[in-house]
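Position 379 (the sequence shown) corresponds to 379 in the UniProt record's numbering; numbering is contiguous.
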Amino acid sequence: MKNREESSGSSGSTTNNPNGEHEPPREINIRPFSSVPSSPRNASSKYDFVKVKVWLGDADHYYVLSRFLVCRMLTVTKIPNHVAVKIALELKKLLIDNSLLDVSQKDLETSLFMLMERRGYGKEYVNRYNMMTKFHHQRVPLVILVCGTACVGKSTIATQLAQRLNLPNVLHTDMVYELLRTATDAPLTSTPVWTREFASSEELIAEFCRECRIVRKGLAGDLKKAMKDGKPIIIEGRHLDPSIYLMTDENKSPSNDPDKSSSKETNSSGDVTSPEEAGSSNTKETEDDSATEEPHSQVEAMTTSVEEELSEKVTQCKIDAETVKETEERMKPVDGSGKAKSGPEPIVISIVLKMAEFDHKALLEEWISSRTCGDKYTSKEKERLITNLKTIEDYLCSFNSQGVTVVNISATTFPQTLDWLHNYLLQRIEEGIRSSENETPAKEVVLKKSG
Numbered sequence: 001m002k003n004r005e006e007s008s009g010s011s012g013s014t015t016n017n018p019n020g021e022h023e024p025p026r027e028i029n030i031r032p033f034s035s036v037p038s039s040p041r042n043a044s045s046k047y048d049f050v051k052v053k054v055w056l057g058d059a060d061h062y063y064v065l066s067r068f069l070v071c072r073m074l075t076v077t078k079i080p081n082h083v084a085v086k087i088a089l090e091l092k093k094l095l096i097d098n099s100l101l102d103v104s105q106k107d108l109e110t111s112l113f114m115l116m117e118r119r120g121y122g123k124e125y126v127n128r129y130n131m132m133t134k135f136h137h138q139r140v141p142l143v144i145l146v147c148g149t150a151c152v153g154k155s156t157i158a159t160q161l162a163q164r165l166n167l168p169n170v171l172h173t174d175m176v177y178e179l180l181r182t183a184t185d186a187p188l189t190s191t192p193v194w195t196r197e198f199a200s201s202e203e204l205i206a207e208f209c210r211e212c213r214i215v216r217k218g219l220a221g222d223l224k225k226a227m228k229d230g231k232p233i234i235i236e237g238r239h240l241d242p243s244i245y246l247m248t249d250e251n252k253s254p255s256n257d258p259d260k261s262s263s264k265e266t267n268s269s270g271d272v273t274s275p276e277e278a279g280s281s282n283t284k285e286t287e288d289d290s291a292t293e294e295p296h297s298q299v300e301a302m303t304t305s306v307e308e309e310l311s312e313k314v315t316q317c318k319i320d321a322e323t324v325k326e327t328e329e330r331m332k333p334v335d336g337s338g339k340a341k342s343g344p345e346p347i348v349i350s351i352v353l354k355m356a357e358f359d360h361k362a363l364l365e366e367w368i369s370s371r372t373c374g375d376k377y378t379s380k381e382k383e384r385l386i387t388n389l390k391t392i393e394d395y396l397c398s399f400n401s402q403g404v405t406v407v408n409i410s411a412t413t414f415p416q417t418l419d420w421l422h423n424y425l426l427q428r429i430e431e432g433i434r435s436s437e438n439e440t441p442a443k444e445v446v447l448k449k450s451g
């Protein structure tokens, strides 16, 4: 009995619980940490309990090194996540083992690049890291639009790109549409535009563009913040019309606006001039024949339509003007001088997703049947819905000639497509940074990814 008590007293790692049972002994520092494999889930490590201060330049500012943030920056450079976790852990271990608890940003990056090159990620990945670091320091406004119809992978693509590029903000136009419809007096219906019946495809596209403009107004606050504070943002959804975000250099108005054709037809007729001239012409025509009142009523209807159209466009121009004003204020120098400094140009990237007709139709039929109201659709209504979505898709893909990237989505090549989009966005961001530095003007890149 005495020997048992002595052995239990000498063993500090063995304890008794209230039931009198022995707990398993704790093994601490039995083997060196370097031989312990790292978990792919980024499990906690003893090195996480030691703080490493990273000092920024000559100023008295520092931040505490985070393995998670280092890992996220490495994944932006297209380093696989499981490798990025290991490099981040090796960096923390290297600094602590060498008693480098206070390190400069430059020395930290030197050690990080050394570990990257040791694992085969050399100059190309180092350049990407420096490029993205410069992007965040310069606070370059970035807006990525992921457009497309239903069931083409918009939400999946947007979420995956946000994780890869370390962009925390993803907006969904479907949510904005519902908020505007239920919480405001916006002229929006609960029935989606692609489920309604139209006399022609032109009427369908006109209604689709009208709803997209209303959703654009709902996104005005987030877009202003992106332009003012350099806040990157990804917008995805079915209510995105690239023509609203493609601004021409001549009049700074949306290009390829479907309302332009109707406006031009009204102006070319020459009937709408001024209220006084319309009134005088009406008096003369009344003396000749009373039947001429019908054309005048048509003129009034056309005038009302034009006024509503102009009012809507004026509202849109005000939103765009306020966005430009916010950007100009951000570009003003701190010293208050009237000479504005050249701030970074905003980067707006529009991507349209499409899918092969056979695959898309199969997914749409499955999507319709899974909806709560799917049993209410007749076969004719289902065909009309699919036809309307195809019409909208053709309209969105027509902007390929204006610099919008059209990407074919396929289930078999989805990982490769995601890698291509990751690389393409890095390329566009690099062009935007070069443009902001006035090295080389950023040119619109028109690329088409074939499935």
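Yeah, the Cβ is synthetic: ideal placement off N, Cα and C, and Gly gets one too.
Could you tell me the boundaries of the beta strand (DSSP E) in which residue i lies?
{"i": "V407", "result": "T405 to I409"}
{"i": "E236", "result": "I233 to E236"}
{"i": "H172", "result": "V170 to H172"}
{"i": "Y62", "result": "Y62 to V64"}
{"i": "L353", "result": "I347 to M355"}
So is residue i buried or exposed if we call it buried at 16+ other beta carbons inside 10 Å?
{"i": "N388", "result": "buried"}
{"i": "W367", "result": "exposed"}
{"i": "M114", "result": "exposed"}
{"i": "P344", "result": "buried"}
{"i": "K92", "result": "buried"}
{"i": "K86", "result": "buried"}
{"i": "Y63", "result": "exposed"}
{"i": "G237", "result": "buried"}
{"i": "R67", "result": "buried"}
{"i": "L69", "result": "exposed"}
{"i": "H360", "result": "buried"}
{"i": "I433", "result": "buried"}
Could you tell me which of the options sits nearest to residue i, measuring between CA atoms?
{"i": "M355", "options": "R384, V407 and S398", "result": "V407"}
{"i": "I429", "options": "C71, I349 and V64", "result": "I349"}
{"i": "P141", "options": "A220, K231, E236 and L385", "result": "K231"}
{"i": "E203", "options": "I96, K123, T391 and Y245", "result": "T391"}
{"i": "R216", "options": "S243, T191 and S201", "result": "S243"}
{"i": "G57", "options": "D102, N81 and C71", "result": "D102"}
{"i": "D419", "options": "L161, H172 and D229", "result": "L161"}
{"i": "D394", "options": "C147, T184 and Q163", "result": "C147"}
{"i": "D60", "options": "K51, L94, S104 and A84", "result": "S104"}
{"i": "G403", "options": "N98, Y245 and A84", "result": "Y245"}
{"i": "A84", "options": "Y121, K53 and V52", "result": "Y121"}
{"i": "K106", "options": "K53, H82, R119 and R118", "result": "K53"}
Distance check for residue j and residue i, CA to CA, integer angstroms please.
{"i": "Q416", "j": "I347", "result": "24 Å"}
{"i": "K134", "j": "S111", "result": "19 Å"}
{"i": "W194", "j": "I144", "result": "24 Å"}
{"i": "A340", "j": "S436", "result": "The predicted position of A340 is uncertain, since its pLDDT is 46 and thus under 50; a value taken from the coordinates is nonetheless stated next. Rounded to whole angstroms, A340 to S436 spans 14 Å at the Cα level."}
{"i": "R196", "j": "L385", "result": "8 Å"}
{"i": "G153", "j": "V76", "result": "21 Å"}
{"i": "N423", "j": "I157", "result": "14 Å"}
{"i": "M132", "j": "T149", "result": "31 Å"}
{"i": "L426", "j": "Y129", "result": "11 Å"}
{"i": "I96", "j": "K123", "result": "26 Å"}
{"i": "M116", "j": "L108", "result": "12 Å"}
{"i": "T405", "j": "V352", "result": "6 Å"}
{"i": "L165", "j": "R72", "result": "8 Å"}
{"i": "T184", "j": "P192", "result": "17 Å"}
{"i": "F198", "j": "S410", "result": "30 Å"}
{"i": "V50", "j": "L74", "result": "22 Å"}
{"i": "S155", "j": "L100", "result": "43 Å"}
{"i": "W55", "j": "H137", "result": "16 Å"}
{"i": "L65", "j": "K224", "result": "32 Å"}
{"i": "L219", "j": "H172", "result": "10 Å"}
{"i": "S269", "j": "S379", "result": "Since pLDDT at S269 reaches only 38, below the 50 mark, its modelled position is unreliable, and the value read off the structure follows with that caveat. Cα to Cα, the separation comes out at about 43 Å."}
{"i": "E357", "j": "M227", "result": "37 Å"}
{"i": "L421", "j": "R181", "result": "33 Å"}
Which whole-angstrom value describes the C-beta separation of residue i and residue j, a residue pair presumed to lie in contact below a C-beta threshold of 8 Å?
{"i": "L167", "j": "I234", "result": "6 Å"}
{"i": "L396", "j": "C151", "result": "That pair is no contact at about 14 Å."}
{"i": "E207", "j": "H239", "result": "No, E207 and H239 are not in contact; Cβ-Cβ is about 12 Å, not under 8 Å."}
{"i": "I214", "j": "L188", "result": "6 Å"}
{"i": "T159", "j": "V170", "result": "6 Å"}
{"i": "C209", "j": "D174", "result": "Actually they are not in contact, since the Cβ atoms of C209 and D174 sit about 17 Å apart, beyond 8 Å."}
{"i": "R139", "j": "D229", "result": "7 Å"}
{"i": "L89", "j": "S45", "result": "6 Å"}
Which residues bound the alpha helix (DSSP H) around residue i?
{"i": "L101", "result": "Looking at the DSSP string, L101 is not in any alpha helix (DSSP H), and its letter there is neither H nor E."}
{"i": "Y395", "result": "S379 to C397"}
{"i": "V146", "result": "From DSSP, V146 is part of no alpha helix (DSSP H) but of the beta strand (DSSP E) over L142 to C147."}
{"i": "W420", "result": "F414 to S436"}
{"i": "K154", "result": "K154 to L165"}
{"i": "K53", "result": "Looking at the DSSP string, K53 is not in any alpha helix (DSSP H); the run it does join, the beta strand (DSSP E), is K53 to W55."}
{"i": "D185", "result": "Careful: D185 lies outside any alpha helix (DSSP H) and carries neither H nor E."}
{"i": "residue 475", "result": "The chain is shown from 1 up to 451; residue 475 falls before or after that span and cannot be answered."}
{"i": "I79", "result": "Counting along the chain, I79 falls outside any alpha helix (DSSP H), and DSSP gives it neither H nor E."}
Closest Cβ-Cβ distance between residue i and chain B: below 8 Å?
{"i": "N81", "result": "Absent from the structure is chain B; it holds one protein chain and no more."}
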